[in-house]
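Student:
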Amino acid sequence: MAERYRIAVVGSGPGGLSAAARAAERGIPHVLLEAEQNLSNTIYRYQKGKHVMDEPGILPLRSPVPFKAGSREEILGAWDDGAARLKINVRHGAEVTAIKKQPEGHFVINFSGGSVEADAVVMGIGLQGNIRKLGVPGEDLPFVQYQLDDPEEYSGETIVVIGAGDAAIENAIALSKQNEVIIVNRRDEFARAKQGNLDGILKAIEDGTIQCFYGAGPDKVEALSVGRKPGRLTLSTSKGRAQIMVDRIIGRLGATAPRGFVESCGVKFPNKDPASVPAISSQYESNVPGLYIVGALGGYPLIKQAMNQGYEVVEYIMGDKVEPADEPLLRAKCDGMPGFTNVEAALKRIQDNVRLLSHITPLQLREFMLDSDIRTPKPGQPVFERNDYTNSFYCIVEGTVEVEINPETKQRISLGKGEFFGEMSLISGRRRSATVFAGQNVVLVETPRRSMNKLINSVGAVKRDIDLVFITRAIQQRFAPSTRAADLADIVADAEIKRFQADEVLFSEGDEGDSLHLVRIGSLTISRTIGGKEIVLSYVPAGNYVGEMALLGDSKRSATARAAVTTETIRLSAESFKKLLARDPSLRLRLQGEYRLRTAANLAMQSAGSGGDVISFLMQQGVGEATDVLLIDESLCVRCDNCEKACAETHGGTSRLDREAGPTFASVHVPTSCRHCEHPHCMKDCPPDAIRRAPDGEVFIGDNCIGCGNCERNCPYGVIHMSGKKGKKPGLLSWLMFGAGTGPGEAPYAKDGKASEKKAVKCDMCKGISGGPACVRSCPTGAAIRISPEDLISYAQARR
Amino acid sequence: MHESPLTFGGYRYLWVALALSGLALIAYVVHTPLGAPPNGGTWLGYSLGTLGALLILWLLWFGIRKRRYGRGIGTLRGWLSAHVYLGTALILIGLLHSGFQFGWNVHTLALVLMLAVIFSGFFGVFAYLRYPALMTRNRENATRDAMLEEITELDQNSLMLADAVDPKIHAIVLRSISRTVLGGGVWAQLNSHDGSAAALESLRAAAKERDKGAASKKGDSGKTMVMMVDFLAGQASTDKQSEALRKLIDLLSRKKTLAERVARDIQLQALMEIWLYIHVPLSVALLGALTAHIVVVLFYW
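Going down the list, the protein sequences come from chains S and G.
No gaps in the numbering here: position 461 of the first sequence is 460 in numbering that gives the first Met the number 0, and each next residue is one more.
No gaps in the numbering here: position 45 of the second sequence is 44 in numbering that gives the first Met the number 0, and each next residue is one more.
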């Protein structure tokens with residue numbers, strides 16, 4: 000008979016540990032199951048001395064174990080002490096394999112080495128998953144390890160790295176500087192690696208600094224008691240067996256994603272999107288009654304959130320009411336609403352009024368509202384203005400707003416209770432297409448981009464609703480400004496959203512024209528083949544359309560449209576388009592007028608010769624998704640690096656731009672500097688949501704950065720790096736006159752700063768400094784300019 | 000769009016400089032001082048002197064303005080444009096102020112220093128217009144660091160290959176590596192010299208000799224120990240070695256190209272900077288001479 004507990008906690012990360020600690024504090028029979036020999040393995044695996052931050056600062060901590068920003072060692076030490084003090088019943092080495100709900104209502108939990116029963120289960124297993132081990136005898140011998148903190152630690156050893164991913168390659172290359180390294184790849188090539196790592200490993204193998212076994216896998220690992228090497232690894236290779244005497248084996252085989260396991264416990268996920276999280280109630284209960292989910296697995300990646308949830312979930316399981324930690328924050332947000340009584344009523348009012356938000360769970364709504372703000376602008380006050388670069392999303396809880404759809408005629412349409420706006424900029428990542436004014440007694444919920452995208456990705460119904468409105472409004476705005484939305488229903492129903500990868504062709508020159516595309520995300524290039532060479536004629540950013548001319552004239556495509564970056568379009572069929580033309584006779588004239596202008600521009604481009612090549616080059620550098628890019632004319636650049644110095648001087652001693660790095664074509668140099676992408680890759684996975692876009696378009700990193708480095712890894716252009724606190728420099732005159740300090744430019748690190756206490760830095764386009772970006776302003780020769788892609792065509796023409 | 004400092008703002012400061020020079024010239028021609036040739040002591044002389052002194056101070060301020068990042072009015076290229084054009088106008092203003100009277104004194108010293116500063120500046124303008132494009136062309140899209148890295152790699156690979164050929168070749172390659180010196184003192188930088196060519200020459204010679212040796216070997220009767228080994232290993236080993244030698248020559252040629260390119264890069268960069276080492280110290284000296292000139296004129300005249 001297995002032991003029976005009131006609560007079983009699976010995983011001893013911040014959420015699980017906090018839950019077990021609370022249970023121990025309250026004297027509730029509990030067990031904490033942890034697969035590893037240490038607590039909180041994700042943080043345990045952090046690099047030694049790493050500084051861990053405690054964002055969000057506004058949220059109070061509620062847990063029996065302490066947590067405040069500090070080094071990895073301090074935090075783990077405090078947790079170990081807390082666990083010992085509270086006498087938490089921890090089972091180490093207990094890797095849970097199954098959680099089964101019994102007909103009687105309790106759970107049976109099987110793990111390596113036994114099983115337990117519990118009335119309630121708290122799952123706090125995070126997203127890291129379990130590390131894959133070698134899976135052969137000897138996988139746990141002391142010289143076999145599954146992580147590498149510091150490659151410098153080892154020298155003169157024979158080390159076998161097993162694995163073919165980026166982690167394995169990076170480890171192997173780093174170790175090969177002072178060790179004999181052998182890498183074992185199960186397959187015949189390094190298919191999963193990033194290009195840089197791939198080049199690195201292939202070169203190392205070719206140079207002979209790393210030996211590689213392709214198509215090989217470990218058979219067994221044995222410890223040796225005699226001889227110079229502590230172990231022997233037997234490999235089975237395509238040519239038979241091989242034995243290697245080793246000092247050390249490092250397995251980098253990745254981790255098993257936890258989703259499969261979670262699903263096997265009966266928990267449902269809303270969709271197949273890998274980013275989706277299981278739906279949980281406001282008390283963290285999953286669709287399996289009695290099975291609770293806390294922390295990153297439930298969509299809360301920050302340590303403090305997870306710890307609070309761990310505490311709260313125990314209270315909920317014991318049937319106690321607890322005011323959620325976020326209650327005071329939500330109260331502060333909502334009490335600006337007219338007629339506010341309490342948070343619950345306010346949230347219900349929002350959910351009742353806004354259909355879009357009726358699709359989500361109460362917990363999701365709380366989270367959503369925690370990120371959002373209630374706005375009650377005065378009548379006539381603008382909510383946002385046309386051409387602003389903001390990308391937040393607004394729901395109308397009460398009242399109305401007026402949207403000025405035509406700035407010349409001041410034509411306005413009104414949106415009422417339950418509707419939403421701001422979806423255009425949210426989706427396309429471009430400037431606001433219209434100014435919105437507040438109406439009478441309006442109450443709005445403003446939600447930042449990340450929270451909205453999280454909602455769109457996790458709740459299918461929300462995505463459907465928003466897409467439908469997006470398509471309707473896009474068609475209305477471009478082709479039928481005077482038609483009511485309801486009258487477009489048949490055309491909207493026929494429209495479809497198409498997705499194209501970078502370089503994919505939408506249609507080719509000479510094709511039969513059967514549809515037109517409204518660009519919704521990304522951008523296109525239009526090119527023609529002239530004299531056997533493809534010449535780029537123009538660049539089509541989001542919000543514009545292509546392909547209408549073949550429909551107007553029933554002819555063939557006159558040019559090729561190609562996605563410059565990952566692009567989404569709304570495809571309108573020829574029939575739908577003809578219906579639109581039939582409804583509004585003036586449309587044809589208007590489109591023909593626009594077409595004439597475009598053809599003239601294309602002709603100018605065609606004769607510009609090399610101008611088109613400059614555009615192609617810039618597109619290859621990813622300028623297609625940029626909103627503002629730094630270009631240097633190398634025929635003017637005197638390599639004085641004053642731009643870098645200016646950047647460092649205006650940004651606390653760290654330059655965010657590398658002038659020399661980056662490609663050059665026809666004297667146009669694209670330095671390594673932020674392009675402020677329409678859909679910034681860096682924003683993708685920022686735990687504290689520290690990366691934001693300012694109204695003027697600058698993508699910047701806020702002070703609440705926790706230094707995790709995700710943005711640095713996610714940026715395809717390498718423009719983000721981690722930097723610590725910089726020392727204060729003596730003034731300019733004391734340098735000029737007496738040579739004090741290092742002079743203008745990059746400052747040395749501050750003496751009191753810790754090496755691990757680094758935060759991400761990137762270009763913020765000198766937001767907050769009047770006069771524009773310092774790099775451009777301090778270029779003595781006018782070589783450096785910043786331009787937005789809309790100006791590319793005229794730029795290219797000026798450079799022929 | 001990119002705009003060179005010379006064309007800045009539709010030649011705004013060129014027109015200002017021309018207007019200033021024109022006015023000064025007209026005043027100089029119209030003005031007839033009493034009882035003496037034109038000189039610095041007349042009202043016009045004092046006016047031009049004051050204007051010139053102010054201009055010099057303002058031109059010197061450029062060194063500060065250049066480093067006042069994120070502050071100060073206008074853009075730096077606007078300042079540079081004005082610096083170039085108004086600096087040029089200063090030649091005329093200074094000369095008119097002197098009334099073309101020269102002597103062996105502190106006044107003429109100031110004038111000479113001023114002209115030296117201005118003409119060194121002209122070289123700067125020339126360098127800034129000419130060398131950037133040459134530099135880009137020379138680099139062929141690689142950064143200097145990348146080229147240096149490739150050189151190091153080529154060195155390593157050639158050493159490994161040379162090892163396989165014979166110790167003599169190894170020594171030659173090693174010497175070539177230690178002789179390849181890029182950059183260094185001012186003269187070395189400006190000279191664009193690298194030491195990579197000599198090794199290649201001696202290698203080519205070695206290869207030729209080896210081929211010749213292989214051809215003549217058949218008739219050679221006095222076999223030394225080494226040749227015995229060669230003979231025993233058969234023709235294959237020499238073929239392999241010749242092959243390695245040829246590869247070695249390819250590597251060293253590539254290295255030579257790169258080393259020359261880096262040296263040229265350093266040279267161009269040095270040319271764009273060297274004039275500042277004359278321009279700036281001379282302008283500080285000018286400030287001293289100017290102060291002396293003013294003090295002398297005001298207090299001891």
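Backbone N, C-alpha and C define an ideal beta-carbon position, used for all residues, glycine too.
Using the beta-carbon count (16 or more within 10 Å), is V9(S) buried or exposed?
Tutor: buried
Student: With 8 Å as the threshold, decide whether the Cβ of D148(S) is near any Cβ in chain G.
Tutor: Taking Cβ atoms only, chain G never reaches closer than 8 Å to D148(S), which makes this a no.
Student: Would D627(S) pass as an interface residue toward chain G - the criterion being a Cβ-Cβ separation below 8 Å?
Tutor: Under the Cβ distance rule, D627(S) does not count among the residues neighbouring chain G, no pair being separated by less than 8 Å.
Student: Shortest alpha-carbon distance to C211(S) belongs to which of I243(S), A625(S), V225(S) and M336(S)?
Tutor: Closest in C-alpha terms to C211(S), from the list I243(S), A625(S), V225(S) and M336(S), comes I243(S).
Student: Following the continuous alpha helix (DSSP H) through S282(G), name the residue where it begins and the one where it ends.
Tutor: L275 to Y299
Student: Using a C-beta cutoff of 8 Å, does G218(G) count as contacting chain S?
Tutor: Reliability fails at G218(G), whose pLDDT of 39 lies under 50, so the model's placement of it is uncertain and no value is given.
Student: From this set, L110(G), G34(G), M146(G) and S46(G), which residue's C-alpha is nearest D264(G)'s C-alpha?
Tutor: M146(G)
Student: Answer yes or no: does any C-beta atom of chain G fall closer than 8 Å to that of T649(S)?
Tutor: yes
Student: Indicate whether at least one CB of chain G lies closer than 8 Å to the CB of V669(S).
Tutor: no
Student: Quick one: residues in its chain with C-beta nearer than 7 Å to the C-beta of L181(G), no 5 flanking neighbours on either side, listed in chain order?
Tutor: Exclusion of the five residues before and after L181(G) leaves D193, A258, V261, A262 and I265 as the residues of its chain whose Cβ lies within less than 7 Å of its Cβ.
Student: Sorted by chain position, which residues of the same chain lie with C-beta nearer than 6 Å to H668(S)'s C-beta, five sequence neighbours on each side aside?
Tutor: I631 and E633
Student: Quick test of your reading: P788(S) and G623(S), contact by CB under 8 Å. State the CB separation rounded to the nearest angstrom.
Tutor: 7 Å
Student: Taking 6 Å as the limit between beta carbons, can you name the residues of its chain near L13(G), skipping five residues before and five after?
Tutor: Closer than 6 Å at the Cβ level, and outside the excluded window around L13(G), lie Y84.
Student: With C-beta atoms as the reference, is L809(S) less than 8 Å away from K303(S)?
Tutor: The question about residue 809(S) has no answer here: the residues shown for chain S are numbered 0 through 799.
Student: Identify, in the order they occur along the chain, each residue of the same chain with its Cβ nearer than 7 Å to the Cβ of A746(S), setting aside the five sequence neighbours on each side.
Tutor: A647, G652, K725, G726 and K728
Student: Are A20(S) and A82(S) closer than 8 Å when you measure CB to CB?
Tutor: yes
Student: What do you reckon, are the CB atoms on N386(S) and L425(S) nearer than 8 Å?
Tutor: no
Student: Does the segment 280-300 of chain S come close enough to the segment 257-272 of chain S to have 3 or more Cβ pairs within less than 8 Å?
Tutor: Judged by Cβ distances under 8 Å, the segment 280-300 of chain S makes contact with the segment 257-272 of chain S, as three or more pairs qualify.
Student: Assign L301(S) to one of three DSSP states: helix, strand, or coil.
Tutor: coil
Student: Which whole runs of the beta strand (DSSP E) in the segment 228-264 of chain S are 3 residues long or more, in chain order?
Tutor: 230-236, 239-245 and 247-250
Student: Since E221(S) contacts E116(S) with CB under 8 Å, what's their CB separation in whole angstroms?
Tutor: Contact flag wrong, Cβ pair sits at about 39 Å.
Student: Quick one: is V143(S) buried, meaning 16 or more other Cβ sit within 10 Å of its Cβ, or exposed?
Tutor: buried
Student: May I have a chain-ordered list of the beta strand (DSSP E) segments no shorter than 3 residues that lie completely inside the segment 413-480 of chain S?
Tutor: 434-437 and 442-446
Student: Pick helix, strand or coil for V545(S), following the three-state DSSP scheme.
Tutor: strand
Student: Which complete alpha helix (DSSP H) runs does the segment 160-225 of chain S hold, if anything under 4 residues is left out?
Tutor: DSSP runs (the alpha helix (DSSP H)) wholly in the segment 160-225 of chain S: 165-174 and 194-206.
Student: From the DSSP output, read off the bridge partner residues of C394(S).
Tutor: F419(S) and V444(S)
Student: Alpha carbon to alpha carbon, what distance is there between Y10(G) and S97(G)?
Tutor: 29 Å
Student: Below 7 Å on C-beta distance, what does S777(S) contact in chain G?
Tutor: Y68 and L75
Student: With burial defined as no fewer than 16 other Cβ atoms inside 10 Å of the residue's Cβ, what is the status of E401(S): buried or exposed?
Tutor: buried
Student: Residues of chain S with CB closer than 8 Å to the CB of L79(G), please, in chain order.
Tutor: One finds P779 and T780 in chain S with Cβ atoms closer than 8 Å to the Cβ of L79(G), taken in chain order.
Student: Using alpha carbons as the reference points, say which of T236(S), N184(S) and A203(S) lies closest to L252(S).
Tutor: N184(S)
Student: Just verifying my parser: in three-state terms, what is the DSSP assignment at A232(G)?
Tutor: Since pLDDT at A232(G) reaches only 48, below the 50 mark, its modelled position is unreliable, and the value read off the structure follows with that caveat. Residue state, collapsed to three classes: helix.
Student: Go through its chain and collect everything with a Cβ distance to S62(S)'s Cβ below 8 Å, but skip five positions before and after it.
Tutor: S17, A20, R21, M306, N307, G309 and Y310
Student: Please classify V121(S): does DSSP put it in a helix, a strand, or coil?
Tutor: strand
Student: Enumerate in chain order the residues of its own chain whose CB-to-CB distance from P257(S) is below 6 Å, with the five nearest sequence positions on each side excluded.
Tutor: The residues are I124 and G128.
Student: Among residues of its own chain, excluding the 5 on either side of Q234(G), which ones have a beta-carbon nearer than 6 Å to its beta-carbon?
Tutor: Residue confidence is low: Q234(G) scores 49 on pLDDT, short of 50, so the model does not pin down where it sits. Its coordinate-derived value is still stated next. No residues qualify anywhere along the chain.
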